[in-house]
Every structure is written in C-alpha cells, then in structure tokens.
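The structure appears below as structure tokens.
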C-alpha cells in the first residue's frame, strides 16, 4: 500500500487531498494542528503537527518513525495577511508567516528525507502560490505571504537539485492559479493529484499551476 | 548636490558606495550598527553623516527616520545584508539563524524604505534600490547550497517588485541591483572583482535609472538577471 503524508490536513485543500488519496486506496498520514475531524477511515492515520512550533519537524518525524513515504504534500498553510501595503506590515506576523510557510516545510523535508528515500519513486511536494511568482504575479497581494512563498520556492528549487541523485522529485504547486475560479476544493485537489501522479524525477524542480502548466519564477 | 542613504556602510560594498559618492561631492548618509567602530567611515572626507541603524530593530529604524525628518534622500541604497556562515545549509541553520537572515536581508530593506518614504518623496531622483544577488535567481540556481541566504534574496526580489508596483504612482522607482561576486569580507575574500569596480558599475546603473526601470533586477554590468 502506497503511503502519503499530507500536512495541514485539516485545512480546506489539505482535507480535500486526504479524501482523494484515501479514496484511491493510499495509506494517508494526515498531519493536523487540530483533531482531524471527519477523517475516521481505516487507511487514514491522524498525527499532530503544529508548523508554528520551532521543533515541529522532529516531533512529526518521531511520529512517522522509519516508515517509507512515497509522497509528502506539505500544504505550508498560511493565510495571506492584511499587509497589502508596505506600511501595514507587522513584524511579528511577517516572521510567523515566514516560519510556517518556509522554515517549517524545509525542516520537515529534511527530517523525512530518509523516509522518502525508502519510498517508491518518491515525491516531495510543497503548496506554493501564484503570489510567489516574481515574473508573472503583478497584482496586489500581501507582502508577508509573497515573501514566504518565494522563500519556499527558492529552497525547494535547491532541494530539487541536491536530491535528484537520491531519486527524490521535488515539486512546487500553485493551486490558486491555472484553474477555473469556480472550482471546488475537491476539484482542485483532484487536479493537483493528477499533476503529482504525472510528475517524475525529470520534472523535479518545476513550479506548476493547478493544470500542471509551468509558472514563471 | 544629490543625497544618498546607504545602510550597512561601515564595510564592504556599503563602505565603497559611501567612499565613491562622498568623493563625488554627494551628501552621504551612512548607517552602521555600531557607528563608534566605523573608523573608516569617520575618516572619509566630504559631506558624510554617520547614523546608527540596525535594520532588524524597528525602534532603530524609527529613530533614524525621526533624526532625518525634513532631509531629502535622492537615492536609497538598502545594502545591509548578512550571510550567516556562507556555506551553512538549512540542515544546520537554527530557527534563530534563519530568522536573523530574513530579518536583515528581506524585511530590513523593506522596513527601512517604508520608514524613509517621506525623505524619498522630498528627493528629486526618487530612487529606492536594494542589493540583490545572483543567488536570488531561481532560474540560475543549478547547484543548490546556501539555502537560507538564497531564500532571503529571492524573497527580497519578491517584496521589492511589489514595492515597485505600490510606489510607482508616487513617482518612486524601486529597483534591485546586483553587485556581482565581489571580493569582500562576506565572501571570505573570494570573488571575480574588487569593490571599486563593482560599485563604479552600480553607480553608473543608478545614474541612468528612471521610473521605467521600476521592478527590474540589474547587475553592475548593466544586464538584467532572470528571476
């Protein structure tokens, strides 16, 4: 049975992904900051995860042990702040966003690298955002959110290069673009799953929208 | 004469900026975390004003802005940056290390620019520049390593282009500049060129900037770097 870890599994997108993979017969480890309500199925295991804590990665890794992981989807779930103007940036919130969306995913990936190496054609997926595209995103948005997702992209790109010899493919997905705006979280989760399934180590390092189309860095 | 504010001007590229602009007769506002130890800056001739500034501390930024109230700044050069052990990968970086780099290299320039908006608006050139790096370019990253520094500079590109968009209606051009691989203390003395050559190139780039350049990332050689 293939095994996937999904973080922030109690957010809209995370929960949608958990349901999709569970329905496909995967063993799903759902890392939740809450109690993982509505996830009671035999092939779903709910574990505790709080990305705001500095030691979130080793704590989650301890719960996983040495089990092989075929896919990790780190939702890096963070809501865009109200800092749409530079004067509105709140230092503490900016740092907190950077912790959750960039530092925690990086540390978690490192803590679970050995688990991925034991998986079958393993993939390390992070949920980024169109807001992180310096080249394409020219609309207004939250400064802290854009900074954190851009930092995430930078780190994932480095991982994709360094982990290629390990056979681990690294993907960045931006579910907030490339899809029809009226799509439900379930439909977006299904589109992401198709993109992830279609990816291999050769597509490692890509930054893709919900349809699997490349986005400018 | 025009005026420039350079953060982190007590050494390396910041000092070279201060030295060259001062020699050209500009009014130079040079900041340092510890002005008392900025002996080289103090020894510069010309119209040089030394200010205390730690870009990771909002109170320090606010104090600088209060002290500069009413002064015009034609060109802001948000130069201060740290690398926190050049080869340190994220594997060994602590949360504190990570945040210190982000606070200095990414949020620092942004917070400084925001606080100095009134001064920039008083200037004629209305230029806000920040020092980026080849390491900021995801496109050009084909060897990994130095994750934290890279991420801080990629994120700087992201926020500075946003600032360019936000401030364009005010007539301010926010531009990212890339000094190249310069032999300084930060690189452990390694590099392709020396500070005078890099800064000469960047001053030429800055001299030619206008509002149409807002949001670009331009190297000391005048060439744009891909994101």
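Protein chains in written order, with the numbering used here: chain A, 273 to 489; chain B, 15 to 241. Backbone N, C-alpha and C define an ideal beta-carbon position, used for all residues, glycine too.
Local conformation of residue i per DSSP, three classes
| i | result |
| --- | --- |
| residue 418 of chain A | helix |
| residue 213 of chain A | The structure shown does not extend to residue 213 of chain A, since chain A spans only 273 to 489, so no value can be given for it. |
| residue 67 of chain B | coil |
| residue 232 of chain B | strand |
| residue 238 of chain B | strand |
| residue 25 of chain B | coil |
| residue 150 of chain B | helix |
| residue 125 of chain B | helix |
| residue 434 of chain A | helix |
| residue 326 of chain A | coil |
| residue 376 of chain A | helix |
| residue 368 of chain A | helix |
| residue 221 of chain B | helix |
| residue 320 of chain A | strand |
| residue 20 of chain B | strand |
| residue 382 of chain A | helix |
| residue 309 of chain A | coil |
| residue 130 of chain B | coil |
| residue 315 of chain A | coil |
Nearest-angstrom Cβ-Cβ length linking residue i and residue j, presumed shorter than 8 Å
| i | j | result |
| --- | --- | --- |
| residue 353 of chain A | residue 458 of chain A | Not really, about 27 Å apart at Cβ, beyond 8 Å. |
| residue 92 of chain B | residue 123 of chain B | 3 Å |
| residue 147 of chain B | residue 192 of chain B | 6 Å |
| residue 377 of chain A | residue 348 of chain A | 5 Å |
| residue 117 of chain B | residue 190 of chain B | No, residue 117 of chain B and residue 190 of chain B are not in contact; Cβ-Cβ is about 19 Å, not under 8 Å. |
| residue 304 of chain A | residue 320 of chain A | 7 Å |
| residue 88 of chain B | residue 16 of chain B | 4 Å |
| residue 398 of chain A | residue 464 of chain A | Actually they are not in contact, since the Cβ atoms of residue 398 of chain A and residue 464 of chain A sit about 12 Å apart, beyond 8 Å. |
| residue 409 of chain A | residue 417 of chain A | About 11 Å; that fails the 8 Å criterion. |
| residue 155 of chain B | residue 433 of chain A | 7 Å |
| residue 461 of chain A | residue 285 of chain A | 6 Å |
Among the options, the one whose alpha carbon lies nearest that of residue i
| i | options | result |
| --- | --- | --- |
| residue 178 of chain B | A:448, A:461 and A:406 | A:406 |
| residue 180 of chain B | A:388, A:437, A:415 and A:446 | A:415 |
| residue 424 of chain A | A:446, A:437 and A:409 | A:446 |
| residue 49 of chain B | B:81, B:210 and B:22 | B:22 |
| residue 440 of chain A | A:448, A:449, A:428 and A:450 | A:428 |
| residue 379 of chain A | A:328, A:396 and A:485 | A:328 |
| residue 183 of chain B | B:38, B:64, B:135 and B:104 | B:135 |
| residue 450 of chain A | A:488, A:432 and A:431 | A:488 |
| residue 273 of chain A | A:315, A:370 and A:286 | A:315 |
| residue 396 of chain A | A:342, A:293, A:359 and A:461 | A:342 |
| residue 187 of chain B | B:203, B:234, B:127 and B:218 | B:127 |
| residue 158 of chain B | A:403, A:399 and A:442 | A:442 |
| residue 202 of chain B | B:96, B:36 and B:75 | B:96 |
| residue 422 of chain A | A:434, A:437, A:471 and A:400 | A:400 |
| residue 108 of chain B | A:363, A:334, A:391 and A:375 | A:375 |
| residue 306 of chain A | A:280, A:361 and A:419 | A:280 |
| residue 474 of chain A | A:420, A:448, A:393 and A:303 | A:393 |
| residue 45 of chain B | B:199, B:53 and B:206 | B:53 |
| residue 26 of chain B | B:241, B:94, B:232 and B:170 | B:94 |
| residue 275 of chain A | A:336, A:426, A:324 and A:285 | A:336 |
| residue 420 of chain A | B:121, B:61 and B:137 | B:121 |
| residue 66 of chain B | B:171, B:47 and B:218 | B:47 |
| residue 413 of chain A | A:361, A:480 and A:297 | A:361 |
| residue 388 of chain A | A:368, A:367, A:351 and A:345 | A:345 |
| residue 317 of chain A | A:310, A:301 and A:355 | A:301 |
| residue 57 of chain B | B:40, B:80, B:36 and B:74 | B:36 |
| residue 228 of chain B | B:206, B:28 and B:175 | B:175 |
Residues sharing a beta bridge with residue i, DSSP
| i | result |
| --- | --- |
| residue 277 of chain A | A:301 and A:344 |
| residue 395 of chain A | A:343 and A:441 |
| residue 486 of chain A | A:480 |
| residue 400 of chain A | DSSP, once it has assigned bridges, lists no residue as partnering residue 400 of chain A. |
| residue 446 of chain A | A:481 |
| residue 351 of chain A | Residue 351 of chain A is not bridged to any residue. |
| residue 141 of chain B | B:89 and B:187 |
| residue 41 of chain B | B:17 |
Residue i beta carbon near the ligand FAD (any heavy atom closer than 7 Å)
| i | result |
| --- | --- |
| residue 414 of chain A | No copy of the ligand FAD appears in this structure; indeed no ligand is present at all. |
Worksheet entry | 4 or more residues per run - each alpha helix (DSSP H) lying fully within the segment 43-119 of chain B | 53-56, 72-81 and 109-116
Worksheet item: Whole beta strand (DSSP E) runs in the segment 147-218 of chain B with 3 or more residues, listed along the chain?
Response: 187-192
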